[in-house]
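Offset between the sequence shown (1-based) and my numbering: plus 95.
First the structure, in the form of C-alpha cells, and then the observations on it.
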Amino acid sequence: MKVTSLLVGCALLLSIIPAGAQQVQQQRVEQVEGYLATPERLEFDESLLSQLKVPEGFQIEVFAKNLGNPRNLAVAPDGTVYVTRRDQEDVLALYDRDRDGRADGYNTVASGLPYVNGITIHENRLYFVTDKQLYVASLATEGIEGEPQLLIDNLPDAGQHPNRTLAFGPDGLLYISVGSTCNACNDTNPESATLLQAQPDGSNRTIYASGLRNTIGFAWHPETGELWGMDHGTDWRGNEQPPEELNLIRQGVNYGWPFCYADRRPDVYFQLNPRGTTKEQYCANTEPPVLTYTAHSAPLALLFYTGSQFPQEYQNDAFVTMRGSWNRLPPSGYKVVRVRYQDGKPVEFEDFITGFLNEEGTAQFGRPVGLAIAPDGALLFTDDTNGVIYRVSYTGESK
C-alpha cells in the first residue's frame with residue numbers, strides 16, 4: 096500500500112471588520128494532517144472465501160463473479176436479480192434457474208447509461224437512475240419489456256458525487272438521493288446534497304431533506320416507518336473526523352453539511368460562513384446524527400432485514416456496506432456491518448462480515464456496495480472492484 100501524508104491548509108475566517116463600503120476579512124490558516132492510503136487490490140479467487148469472517152451459523156458463498164463493476168441490486172418476485180454496473184454503463188438480470196444459490200447466467204436489459212447506480216422495483220416496474228436521468232421499465236421474466244422509459248432528465252450536475260440512489264417509501268412516493276458536487280462548498284443548485292421526493296412518474300419533485308453530503312444508503316424501518324440514512328463525512332479533516340452519520344431523516348430538516356458535522360460541531364476547516372449568520376448559530380438549528388461510525392469508512396447501501404431465513408434477533412435490524420477508505424491511516428471500512436435496533440431505534444453498530452482487508456491494512460480483495468434480500472431470505476451484496484456478488488445464508492451449523 097502506498098501511503099502519502101499531506102498537510103492540508105484551510106483559511107479560517109476570524110472576523111469581518113467594516114471599512115467604509117467594504118468588508119475586510121482577517122484569516123488564519125489551520126492545518127490538518129491527511130493521508131492518501133488505499134490498500135492494494137488483490138485479484139479475487141474463491142480460495143479467499145476462507146478469510147472472510149461471519150457470525151456463528153452463517154456461511155458466505157459466491158452468487159456470481161466476473162461481473163466487472165456491479166453496484167446496486169434489486170430482486171424481483173420471481174428471483175431474478177437485477178444489478179447496475181456503473182463502469183459498464185448497463186443493467187443486468189441474473190437468473191438462478193436451478194435455485195442452487197448461484198447464478199446460472201444473465202441478460203443485459205439496458206445499456207448506454209453513464210453512471211447508472213441506483214435501482215429498485217415498485218409495482219412490477221424496474222426503476223434505475225444515472226447521474227442525471229431516471230428510467231422505468233416493466234418487468235418480464237428474467238428481463239424487462241421493451242425499452243426503458245425516461246422519466247427525469249435534469250437531476251443536478253454530479254461533480255464529486257455522481258452515484259444517485261432511489262427507493263420507494265411506505266407512502267408510495269419516490270425518493271432520490273443527490274450527493275454534493277464537492278467535498279465542502281456552497282453548492283449553487285439547491286437540489287444538491289439533498290434527498291428528493293417525487294411522484295412515481297418523476298413529477299412534483301421537491302426537496303425532502305437537505306444538508307446531506309452524500310446519503311447513498313437510506314431505507315424505512317419496517318415497523319415504525321421512519322426513514323434512516325447513512326451520510327458520508329467530509330474528507331481532509333484528519334483520521335478521526337468527521338464520523339460517518341446515521342441520521343433519522345425527516346421532511347424539511349437540515350442535517351448540517353457543509354457547515355456542521357457530528358453533534359452540531361462547526362466545521363472550522365471550511366472557510367465560508369452561512370449567509371447572514373455564524374456557523375455556531377447555523378449548526379444549532381440543524382439535526383445531529385443518532386449514531387456515528389468510524390470516519391471515512393464510506394457507507395453505501397442500507398437495508399433492513401425482513402427475510403425469513405436469519406435468526407429472529409436479526410429481524411428489522413439494518414445492514415450497511417462500508418466500501419472502505421482511501422484517505423485514512425489505518426484504513427477503515429471494507430466490511431458489512433449490522434445496526435442493532437431496539438424499539439425501533441438504533442443502539443449500536445457491530446461487524447457482520449469482515450476479512451476483505453488484511454490485518455496490516457495494506458491489501459484488500461473486496462469493497463462492498465449493494466445489498467438485497469433473496470427470495471429464500473439470504474443476503475446478497477456486491478463487490479464493485481473484483482466483480483463479485485456474494486450470498487450470505489444461515490445454516491445454524493458451527494464451523
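Note that the Cβ used here is the ideal one computed from N, Cα and C, for glycine as well.
Subject >> DSSP three-state assignment for E138, whether helix, strand or coil >> reply: coil
Original post:
Whose C-beta lies closer than 8 Å to the C-beta of R180 among residues of the same chain, with five residues either side of it excluded?
Top reply: L162, G163, N164, P165, R166, V186, L187 and V211
Original post:
Rounded to the nearest angstrom, how far is the Cβ of F451 from that of R433, given a contact under 8 Å?
Top reply: Contact doesn't hold; Cβ gap of about 16 Å is too wide.
Original post:
How about the segment 265–282 and the segment 302–318: do they share at least three Cβ pairs that are nearer than 8 Å?
Top reply: yes
**OP:** Please state whether DSSP places C378 in a helix, a strand or coil.
**Re:** helix
Subject >> Beta-carbon proximity list for R220, same chain, < 6 Å, skipping 5 on both sides >> reply: V231 and S233
Original post:
Quick one: what's got a C-beta closer than 8 Å to P209's C-beta in the same chain, skipping five residues either side?
Top reply: E184, T225 and D226
**OP:** Could you pull the start and end residues of the beta strand (DSSP E) that K440 belongs to?
**Re:** K440 to I448
Original post:
Which one of A205, A467 and L474 has the shortest CA to CA distance from Q154?
Top reply: Here the closest residue by C-alpha is L474.
Original post:
What is the residue span of the beta strand (DSSP E) that Q154 lies within?
Top reply: G152 to A159
Original post:
Does the count of Cβ pairs from the segment 397–410 and the segment 420–427 closer than 8 Å reach three?
Top reply: no
Original post:
Does the pairing of the segment 352–360 with the segment 380–389 give three or more beta-carbon distances under 8 Å?
Top reply: Taking 8 Å as the limit for Cβ pairs, the verdict is that the segment 380–389 does touch the segment 352–360.
**OP:** Give me whichever residues DSSP pairs with G200 in a beta bridge.
**Re:** Y190
Original post:
Taking G320 as the reference, which of Y429, I344, R332 and D173 has the closest Cα?
Top reply: I344
Subject >> For S488: DSSP bridge partner residues >> reply: Its beta-bridge partners are Q154.
Original post:
Does the Cβ of P463 have 16 or more other Cβ atoms within 10 Å, making it buried, or fewer, making it exposed?
Top reply: buried
Original post:
Based on Cα-Cα distance, which residue from G174, D296 and N309 lies nearest to P243?
Top reply: D296
Original post:
When the Cα atoms are used, what is the spatial distance from G241 to G207?
Top reply: 15 Å
Original post:
Can you give the Cα-Cα distance for Y130 and H256, rounded to whole angstroms?
Top reply: 20 Å
Original post:
Looking at the structure shown, is Q404 part of a helix, part of a strand, or coil, going by DSSP?
Top reply: coil
**OP:** Would you kindly work out how many angstroms separate the C-alpha atoms of P172 and P470, rounded to a whole number?
**Re:** 7 Å
**OP:** My understanding is that L395 touches L168, with C-beta atoms under 8 Å, so please give their C-beta distance in whole angstroms.
**Re:** 11 Å between Cβ atoms; not a contact.
Original post:
In chain order, what residues of the same chain have a beta carbon less than 6 Å from the beta carbon of P353, not counting five sequence neighbours either side?
Top reply: A279 and F365
**OP:** Please determine if the segment 312–329 and the segment 426–443 are in contact, where contact requires at least 3 C-beta pairs separated by less than 8 Å.
**Re:** Judged by Cβ distances under 8 Å, the segment 312–329 makes contact with the segment 426–443, as three or more pairs qualify.
Subject >> Residue span of the beta strand (DSSP E) that contains L144, given as start and end >> reply: L144: not part of any beta strand (DSSP E); DSSP gives it neither H nor E.
**OP:** Would you list, in sequence order, the uninterrupted alpha helix (DSSP H) runs of no fewer than 4 residues that lie entirely inside the segment 323–397?
**Re:** 374–379
Subject >> Between the CA atoms of W331 and G200 - distance to the nearest angstrom >> reply: Each residue's Cα considered, the two are about 42 Å apart.
Original post:
Comparing alpha-carbon positions, which option in I448, E455 and N453 lies nearest R486?
Top reply: I448
Original post:
In three-state terms, what does DSSP make of Y429?
Top reply: coil
Original post:
Going by DSSP, which residues form a beta bridge with P243?
Top reply: According to DSSP, which records beta bridges pairwise, P243 is partnered with nothing at all.
**OP:** Determine which residues share a DSSP beta bridge with W315 and list them.
**Re:** L322
**OP:** Ignore the nearest five residues each way along the sequence and tell me which others in N281's own chain have a CB closer than 8 Å to its CB.
**Re:** Exclusion of the five residues before and after N281 leaves P353 and L367 as the residues of its chain whose Cβ lies within less than 8 Å of its Cβ.
**OP:** Check the DSSP bridge columns for R435 and list the partner residues they point to.
**Re:** E443
**OP:** Could you check how far apart the C-beta atoms of S272 and L246 are, in whole angstroms? I think they sit under 8 Å.
**Re:** Between L246 and S272 the Cβ distance is about 16 Å, and since that is not below 8 Å, they are no contact.
Subject >> Local Cβ density within 10 Å of Q120, reported as buried at 16 or more and exposed below that >> reply: Because Q120 sits at a pLDDT of 38, beneath the cut-off of 50, its placement in the model cannot be relied upon, and the point is left open.
Original post:
Who are S206's beta bridge partners in DSSP?
Top reply: S206 pairs with D185.
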